[in-house]
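Undergrad: Protein sequences appear in the order of chains L and Z. Mapping of the first sequence onto my numbering: residues 327 to 790, in sequence order. Mapping of the second sequence onto my numbering: residues 2 to 140, in sequence order. Here it is, the structure, as C-alpha cells.
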Amino acid sequence: MQPVLLIDIGSTYTKVLAADMAEPCILGTAAHTTVATDVAIGLEEALLALEAKTGPLSYTARLACSSAAGGLRMVAVGLAPSLTEQAARMACLGAGAKVVRSFAYQLTEEDMAEIAAILPDILLLTGGTDGGNDAVITHNAAMLATCNADFPILLAGNRNATARCRELLKGRTVITTENVMPRLEQLNVAPVQKQVRALFLERIVHAKGLGPVAKQMDGPLIPTPAAVLLATELLAKGTDSQSGFGDLLAIDLGGATTDVYSMARGDPAGGEVVLKGLPEPYAKRTVEGDMGMRYSVSGIVDAVGVPWLSTHSGRSPEQVTAQIAHLAAHPDMLPDTPADLALDQALASAAIMTATRRHAGTTEVVYTIQGPTIAQTGKDLTEVRRLIVTGGAIIHNSGAGQVAKYALFDPKTPQSLRPKTAEIYMDSRYILAAMGLLRQRDPDVALTLMKKELQTLWNCKTNA
Amino acid sequence: MADKKKLVLGVIGADVHAVGNKILNHAFELAGFDVTNLGVMVSQEEYIEAAQETAADAIIVSSLYGHGELDCRGLREKCDEAGLEGILLYVGGNIVVGKQPFCEVEQRFLHMGFDRAFPPGTTPETAISSLRQDLGITD
Numbered sequence: 327m328q329p330v331l332l333i334d335i336g337s338t339y340t341k342v343l344a345a346d347m348a349e350p351c352i353l354g355t356a357a358h359t360t361v362a363t364d365v366a367i368g369l370e371e372a373l374l375a376l377e378a379k380t381g382p383l384s385y386t387a388r389l390a391c392s393s394a395a396g397g398l399r400m401v402a403v404g405l406a407p408s409l410t411e412q413a414a415r416m417a418c419l420g421a422g423a424k425v426v427r428s429f430a431y432q433l434t435e436e437d438m439a440e441i442a443a444i445l446p447d448i449l450l451l452t453g454g455t456d457g458g459n460d461a462v463i464t465h466n467a468a469m470l471a472t473c474n475a476d477f478p479i480l481l482a483g484n485r486n487a488t489a490r491c492r493e494l495l496k497g498r499t500v501i502t503t504e505n506v507m508p509r510l511e512q513l514n515v516a517p518v519q520k521q522v523r524a525l526f527l528e529r530i531v532h533a534k535g536l537g538p539v540a541k542q543m544d545g546p547l548i549p550t551p552a553a554v555l556l557a558t559e560l561l562a563k564g565t566d567s568q569s570g571f572g573d574l575l576a577i578d579l580g581g582a583t584t585d586v587y588s589m590a591r592g593d594p595a596g597g598e599v600v601l602k603g604l605p606e607p608y609a610k611r612t613v614e615g616d617m618g619m620r621y622s623v624s625g626i627v628d629a630v631g632v633p634w635l636s637t638h639s640g641r642s643p644e645q646v647t648a649q650i651a652h653l654a655a656h657p658d659m660l661p662d663t664p665a666d667l668a669l670d671q672a673l674a675s676a677a678i679m680t681a682t683r684r685h686a687g688t689t690e691v692v693y694t695i696q697g698p699t700i701a702q703t704g705k706d707l708t709e710v711r712r713l714i715v716t717g718g719a720i721i722h723n724s725g726a727g728q729v730a731k732y733a734l735f736d737p738k739t740p741q742s743l744r745p746k747t748a749e750i751y752m753d754s755r756y757i758l759a760a761m762g763l764l765r766q767r768d769p770d771v772a773l774t775l776m777k778k779e780l781q782t783l784w785n786c787k788t789n790a
Numbered sequence: 002m003a004d005k006k007k008l009v010l011g012v013i014g015a016d017v018h019a020v021g022n023k024i025l026n027h028a029f030e031l032a033g034f035d036v037t038n039l040g041v042m043v044s045q046e047e048y049i050e051a052a053q054e055t056a057a058d059a060i061i062v063s064s065l066y067g068h069g070e071l072d073c074r075g076l077r078e079k080c081d082e083a084g085l086e087g088i089l090l091y092v093g094g095n096i097v098v099g100k101q102p103f104c105e106v107e108q109r110f111l112h113m114g115f116d117r118a119f120p121p122g123t124t125p126e127t128a129i130s131s132l133r134q135d136l137g138i139t140d
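Take a look at the structure:
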C-alpha cells in the first residue's frame, strides 16, 4: 500500500481523502467543520475521523488546496470592458480566484476607496495591447500608487508601459508578467495564472494563517478551484496511456455560488458562423456569485422569478416567497419535508439552468443581404457529451439526474449553446479537488480513480 | 519597426463580405501598417474598443451591402465620447444604395465626420497613399 493524503481546506468544512497509489482506490473520506475552529484543529479532527474509518495509515505524501478565509480574492483592472477587462477577469477565474470587483477605463478616487475597502489578496492591472494604449494603464498605476492598503499588484498589460508603471508603483509589491491580451482578441492568460499561483503560495497562504499547514505538505498549496480545474482538465484530456472523457462540462452547485467548468474548444458546430467577441480558453471557469442554494438564494429568484419556482416545485407563489426568505435567513437548513425538498429541487434546477446559460456561448441570427447569418459569441458546447455535477444540493438529492438535465440544451432557448445530449455523472463524494491535487503526483492514478468513482446518473444512450 | 502606424479594419453592420476585407488586410500589412482586423459584421462599439486598446491611428470602415450610411451614422461622435478625438476615419466600398453621384455621397460621409470616403472600385494603393499622406508617413 502507498497511501496519500489529499486535503481540501474550505471556509465551512475541511475535507480529507486518503487514496492508495499502489492499487488505485479511495481508502476513505472524512470532513470536519472549520466554521468556529482554527484551520489546524479542524484538519486534525478531520484526520481523526478519517483514521477511524481507514485505520492508521502512514502517508507517503500529503497535498492540500484551500478556499478558506474567503478563498483567493482578486480585483481585475482593464481598459475596454469587452476586451482587457474581460481578459483580466477570465485570467483570474482560471487561476481559481474569486473576482470581487473589476474595473474598466481610468480608476477614480471613488474606485480607489472601494479597492482599499475590498483589500484584495491580489490586484491584476492590465490595459492596452502590446504597443497599444499606454495612457490608461499608467493613469491607473499612478492612482494605485496613492493607495495605502497593502496588497500585491500583478502587472500584465501593454509591455511598452511596464517600465513606467513599475516606476510609478515604486515601493509597492509589483510582479510583472506578459500581457493578458498582447494583440487584440488574443487571450494570453497562462503567464498571469502562473504568477497568481506563485503569489498565493508565497504570500496569501501565510496571510490567511495556512502557513503551518502548508509547511507539512509535500507539494504547493493551491486554491481549491484551481485543483478542480486540474482534475476536470485531466478527466477530459486523459493521459498518454489512458483516454479521457473528451469535452466535458462540470458544475459545482454550492450554498453561496455555482461554479461552472468547461473543457472544450467550443468552435462552431455548424458551418457558416461568424465568431464575435473575445476568444475563450479551452479550460474555462465561471463563478456565479448570485446562484447559491442558501446564502445567495435571492439571486436565483431574481433570475427566474417566483412563478417559475412555483410551477416547478408545485408550491404556491406565497409559499415559495416565504420559504425563500426562511432559507436566506437560515443557511444551514436542510430540507426534510417533501414540500421543502420540492422547492430545493426547483431552486437547484434554476441555479444550474442560469449558471450554464451564462457560461455557454450564444448565437444570434442576423439578417443580411445574403440571407440569415449566425453570429456566435463564446463557446459552442452543443457537441459536449459528458456532464459532471456535484455540490451539496446535488449529492443529497434523489432527483439529481432531473436537476442536472437543466444544464442541457433547451429547444425553447436554442440561442444558448449547451450540450444537446450528455451522459450525466455525479461526484457524490466530492473528490474532484482531491484528484486535481493527485494529478500533480500521478495523473494516471488520478484519472483511474475519477473514472471509477464518478457515478452515472443518466445515460443518453440507454435512457431517453 | 516599433513605430508602425496602427489601423483598425473591419466590415461594418450586418455585412458578411469577407473577401475585400482580407485583400485590404494583406495590402495594408504589406505597406507596413500594423493592422488589427476585426473581420466582418463589426459594430461601432467593436471598432471603438479595439481602437482604444491598440491606440490606433486610424479606423478603416468597409461596407459593401448598401446600408453603410445607416451603419456609420454617429461613429465620429462615439469616437469623441470614447476619448478617440481626432482619430482618422475612412470609409469605402458600396456605401450607399443605388447609383448616386459619388461626390454627393462623399459629402454626406465627410459631413458625418469621416476624413475620407472612397467610391466602389478603389484600389488598396489609393487608400494606402491617402493614409501615408494623412498620417504624415515619409520614407
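We put the CB at the ideal spot given by N, CA and C, even for glycine.
#1: Considering only the alpha carbon of each residue, which of Phe-735(L), Arg-765(L), Ala-348(L), Tyr-751(L) lies closest to Trp-784(L)?
#2: Using beta carbons (cut-off 8 Å, strictly below), is Gly-592(L) in contact with chain Z?
#3: Would you verify that the beta carbon of Gln-101(Z) is, or is not, closer than 8 Å to some beta carbon of chain L?
#4: Can you check whether the C-beta of Tyr-693(L) is within less than 8 Å of a C-beta belonging to chain Z?
#5: If you follow the alpha helix (DSSP H) that Ala-719(L) is part of, which residue opens it and which one closes it?
#6: Give, in chain order, every residue of the segment 86–110 of chain Z whose Cβ lies closer than 8 Å to some Cβ of chain L.
#7: Can you tell me whether DSSP reads Ile-335(L) as helix, strand or coil?
#8: Mind checking which residues open and close the alpha helix (DSSP H) that includes Gly-69(Z)?
#9: Strictly under 8 Å for the Cβ-Cβ distance: is Ser-408(L) near chain Z by that measure?
#10: Should Val-539(L) and Val-330(L) be called a contact, given that it needs their Cβ atoms to be closer than 8 Å?
#11: Does the ligand MG have a heavy atom nearer than 7 Å to the CB of Ser-130(Z)?
#12: Residues of chain Z with CB closer than 7 Å to the CB of Asn-474(L), please, in chain order.
#13: Under a three-way DSSP split, which group does Glu-690(L) fall into?
#14: According to DSSP, is Leu-604(L) helix, strand or coil?
#15: Run through chain L and tell me which residues come within less than 7 Å of Gln-53(Z), C-beta to C-beta.
#16: How about the segment 539–557 of chain L and the segment 404–412 of chain L: do they share at least three Cβ pairs that are nearer than 8 Å?
#17: Report the start-end ranges of each beta strand (DSSP E) in the segment 723–758 of chain L that is 3 residues or longer and not cut off at the edges.
#18: Against chain L, with Cβ distances strictly below 8 Å, would Glu-50(Z) count as a contact?
#19: Would you identify the three-state DSSP class for Lys-37(Z), choosing helix, strand or coil?
#20: Looking at the secondary structure, which residues open and close the beta strand (DSSP E) in which Tyr-587(L) lies?
#21: Is there a C-beta anywhere in chain L that falls below 8 Å from the one on Ala-32(Z)?
#22: Among the candidates Ser-384(L), Ala-348(L), Ala-394(L), Ala-413(L), whose CA atom is the shortest distance from the CA of Arg-611(L)?
#23: Fully enclosed by the segment 4–37 of chain Z, which alpha helix (DSSP H) runs are 4 residues long or longer?
#24: What residue range does the beta strand (DSSP E) around Met-400(L) cover?
#25: Would you list, in sequence order, the uninterrupted alpha helix (DSSP H) runs of no fewer than 4 residues that lie entirely inside the segment 629–665 of chain L?
#26: Quick check: Val-500(L) and Val-506(L), are their CB atoms within less than 8 Å of each other?
#27: If the cut-off is 7 Å on Cβ atoms, which residues from the segment 668–697 of chain L count as contacting chain Z, listed in chain order?
#28: Quick one: list the residues of chain Z neighbouring Val-600(L), beta-carbon separation under 8 Å, in chain order.
#29: Can you tell which of Val-632(L), Glu-709(L), Val-646(L), Ala-475(L) has the C-alpha that lies nearest to the C-alpha of Gly-596(L)?
#30: Where do the ends of the alpha helix (DSSP H) carrying Leu-419(L) lie?
#31: From Ala-487(L), Ala-686(L), Asp-768(L), Thr-503(L), pick the residue whose C-alpha is nearest to that of Gly-704(L); which is it?
#32: Where does Ile-479(L) fall in DSSP's three states?
#33: Quick check on the DSSP output: what are the complete alpha helix (DSSP H) runs of length 4 or more inside the segment 458–519 of chain L, in order along the chain?
#34: For a test of the three-state rule: what should DSSP assign to Ser-622(L), helix, strand or coil?
#35: Classify Arg-117(Z) as buried or exposed, calling it buried when 16 or more other Cβ atoms lie within 10 Å of its own Cβ.
#36: Report the neighbours of Leu-783(L) on chain C: residues whose CB is nearer than 9 Å to its CB, in chain order.
TA: The relevant details are as follows:
#1: Taking the first sequence and counting its residues from 1, one reaches residue 784(L) at position 458. It is Tyr-751(L).
#2: For this step, residue 592(L) is matched to residue 266 along the first sequence. No, its Cβ sits nowhere closer than 8 Å to a Cβ of chain Z.
#3: Numbered from 1 along the second sequence, position 100 holds the residue referred to as residue 101(Z). Judged by the 8 Å Cβ criterion, Gln-101(Z) is not in contact with chain L.
#4: For the purposes of this step, residue 693(L) is taken as the residue at position 367 of the first sequence. Answer yes: the Cβ-Cβ gap between Tyr-693(L) and chain Z drops below 8 Å somewhere.
#5: Residue mapping note: residue 719(L) aligns to position 393 of the first sequence, counting from 1. Taken as a continuous stretch (DSSP letters only), the alpha helix (DSSP H) holding Ala-719(L) covers 718–721.
#6: none
#7: Indexing the first sequence from 1 puts residue 335(L) at position 9. The answer is strand: DSSP assigns Ile-335(L) an E or B state.
#8: Position 68 of the second sequence holds residue 69(Z). Unbroken alpha helix (DSSP H) run through Gly-69(Z): 69–73.
#9: Start at 1 with the first residue of the first sequence, and residue 408(L) comes out as number 82. Yes, contact with chain Z.
#10: Here residue 539(L) corresponds to residue number 213 of the first sequence, with the count starting at 1. Here residue 330(L) corresponds to residue number 4 of the first sequence, with the count starting at 1. No, the pair does not count as a contact, with Cβ atoms beyond the cut-off.
#11: What this structure holds is no ligand at all, so the ligand MG is not there to describe.
#12: Walking along the first sequence from the start, residue 474(L) turns up at place 148. Near Asn-474(L) there are no residues of chain Z at all, since even the closest Cβ is about 29 Å away, more than 7 Å.
#13: What you label residue 690(L) is simply residue 364 of the first sequence in a count that begins at 1. Reduced to three states, the DSSP call for Glu-690(L) is strand.
#14: For the purposes of this step, residue 604(L) is taken as the residue at position 278 of the first sequence. DSSP places Leu-604(L) in coil when its eight states are reduced to three.
#15: The residue you call residue 53(Z) lines up with position 52 of the second sequence. Neighbours of Gln-53(Z) on chain L, chain order: Leu-405, Ala-406, Asn-459.
#16: no
#17: 749–752
#18: What you label residue 50(Z) is simply residue 49 of the second sequence in a count that begins at 1. With 8 Å as the cut-off, Glu-50(Z) counts as an interface residue toward chain L.
#19: On the second sequence, position 36 is the one that residue 37(Z) refers to. Inspection of the sequence shows that residue 37(Z) is occupied by Thr rather than by Lys. DSSP places Thr-37(Z) in strand when its eight states are reduced to three.
#20: Here residue 587(L) refers to the residue found at position 261 when the first sequence is read from its first residue. Unbroken beta strand (DSSP E) run through Tyr-587(L): 584–589.
#21: Position 31 of the second sequence, counted from the start, is the residue given in the question as residue 32(Z). Answer no: the Cβ-Cβ gap between Ala-32(Z) and chain L never drops below 8 Å.
#22: As a position in the first sequence, residue 611(L) is number 285, starting the count at 1. Comparing Cα-Cα distances from Arg-611(L) to each of Ser-384(L), Ala-348(L), Ala-394(L), Ala-413(L), the minimum goes to Ala-413(L).
#23: 20–31
#24: Position 74 of the first sequence holds residue 400(L). Note, Met-400(L): beta strand (DSSP E), 399–403.
#25: 632–639, 643–655
#26: The residue given as residue 500(L) occupies position 174 in the first sequence. The residue given as residue 506(L) occupies position 180 in the first sequence. No, the pair does not count as a contact, with Cβ atoms beyond the cut-off.
#27: Val-692, Tyr-693, Thr-694, Ile-695, Gln-696
#28: On the first sequence, residue 600(L) is found 274 positions in, with the first residue counted as 1. Result: Val-17, Gly-40, Val-41, Met-42.
#29: Indexing the first sequence from 1 puts residue 596(L) at position 270. Nearest of Val-632(L), Glu-709(L), Val-646(L), Ala-475(L) to Gly-596(L), Cα basis: Glu-709(L).
#30: One-based indexing of the first sequence puts residue 419(L) at position 93. Segment 412–420, the alpha helix (DSSP H) holding Leu-419(L).
#31: One-based indexing of the first sequence puts residue 704(L) at position 378. Ranking the options by Cα distance to Gly-704(L), first place goes to Ala-686(L).
#32: Translated into the one-based positions of the first sequence, residue 479(L) becomes position 153. DSSP places Ile-479(L) in strand when its eight states are reduced to three.
#33: 461–471, 488–494
#34: Here residue 622(L) corresponds to residue number 296 of the first sequence, with the count starting at 1. DSSP places Ser-622(L) in coil when its eight states are reduced to three.
#35: In the second sequence, counting from the first residue as 1, residue 117(Z) sits at position 116. Buried, by the Cβ-count rule.
#36: Checking the listed chains, one finds no chain C in this structure; the protein chains it contains are L and Z.
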